[in-house]
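Each remark here refers to the structure printed beneath this line.
Number of protein chains: 2
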Amino acid sequence: MKVHIHVSLKSGVLDPQGRAIHHELEALGFSGVNDVRAGKLIELDVADDTSDDDLDQMCRKLLANMVIENYRIEKLETA
Amino acid sequence: MKVHIHVSLKSGVLDPQGRAIHHELEALGFSGVNDVRAGKLIELDVADDTSDDDLDQMCRKLLANMVIENYRIEKLETA
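Protein chains in written order, with the working numbering: chain A, 3 to 81; chain B, 3 to 81.
Take a look at the structure:
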């Protein structure tokens with residue numbers, strides 16, 4: 003089973019990487035960019051019988067820093 | 003307009019970060035994890051009239067390293 007974990011910074015948390023990307027996009031001549039936030043995308047290939055609770059625990063224990071980050075679990079397929 | 007850019011390593015490119023996460027998940031006792039790949043998620047808030055071509059150029063010029071990475075553009079909404 004393919005699972006994508008989207009990890010993004012909570013709103014209000016300073017995002018220097020996103021700010022750097024924003025700045026650089028403007029320097030490259032792209033106008034109309036209002037905001038940029040940088041996050042992580044973790045692609046997991048797990049056994050089909052992996053429970054939602056296990057996925058949740060993976061995020062909470064390792065993949066996301068719950069103090070400053072949110073995560074979203076997206077199941078893609080049952081291969 | 004909210005746009006998510008998913009940047010992931012091309013298959014065949016070594017992913018030490020993904021491997022470290024995989025190893026650590028197993029150390030935490032999560033079995034059944036077959037593969038882990040680590041990528042980036044870049045959340046853009048751009049003007050509604052931003053063209054697809056502009057988004058493509060942003061990815062090619064800055065957001066993704068086309069030698070080793072693929073990108074996928076996902077438009078979320080027209081706010």
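The C-beta atom is built at its ideal place from N, Cα and C for all residues, glycine as well.
Check	Outcome
Contacts that ARG39 (chain B) makes with chain A (C-beta to C-beta distance below 7 Å)	GLU45
Touching by the beta-carbon criterion (3+ pairs, under 8 Å), the segment 49 to 64 of chain A and the segment 41 to 49 of chain B	no
Nearest-angstrom Cβ-Cβ length linking ALA40 (chain B) and ASP17 (chain B), presumed shorter than 8 Å	6 Å
Partners in chain A for ASN36 (chain B), counting only beta-carbon separations shorter than 8 Å	ASP47, VAL48, ALA49
Run of the beta strand (DSSP E) containing ASP47 (chain A), from where it starts to where it stops	35 to 48
Under the three-state DSSP convention, the category ILE70 (chain A) falls into	coil
Near-chain B residues of the segment 12 to 32 of chain A - C-beta to any C-beta below 8 Å	GLY20, ILE23, GLU26, LEU27, LEU30, PHE32
Per-residue burial, ALA29 (chain A) [other beta carbons within 10 Å of its own, 16 or more giving buried]	exposed
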